[in-house]
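A.B. asks:
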Amino acid sequence: MDHAGAHICDPLEKLTCKLLTAASRAGLLKEGCEPEETGQMLATLCLGGPHQQMMFGRRLLTTA
Numbered sequence: 100m101d102h103a104g105a106h107i108c109d110p111l112e113k114l115t116c117k118l119l120t121a122a123s124r125a126g127l128l129k130e131g132c133e134p135e136e137t138g139q140m141l142a143t144l145c146l147g148g149p150h151q152q153m154m155f156g157r158r159l160l161t162t163a
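Here you go:
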């Protein structure tokens, strides 16, 4: 799992954060959106984070 994190998850999260930072500086993000936090959410969704959390009995991204 550490290997996958170092070679898949971490680079994807860093790239997403870098792209969102550039978009934020260009004024393309909605006011109040933090690039780092938004990048982490996008990376989590791309890597199946909600599915993984459900397998462990956690419901982090549920709606009412």
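In the working numbering, the protein residues as written are 100 to 163.
A virtual CB, placed ideally from N, CA and C, is assigned to each residue, including glycine.
Predicted, not measured: the structure shown is a model, and the values here were computed from it.
What separation, rounded to the nearest whole angstrom, lies between the Cα atoms of LEU119 and GLY156?
C.D. replies: The alpha-carbon atoms of LEU119 and GLY156 are separated by roughly 31 Å.
A.B. asks: LEU127 to THR137, Cα distance in whole Å?
C.D. replies: Cα to Cα, the separation comes out at about 13 Å.
A.B. asks: By Cβ distance, which residues of its chain are closer than 7 Å to GLU112, with the 5 residues on each side in sequence left out?
C.D. replies: Excluding positions up to five away in sequence, the list reads GLY138, GLN139, ALA142.
A.B. asks: Does DSSP put LYS113 in a helix, in a strand, or in coil?
C.D. replies: Three-state DSSP puts LYS113 in a helix.
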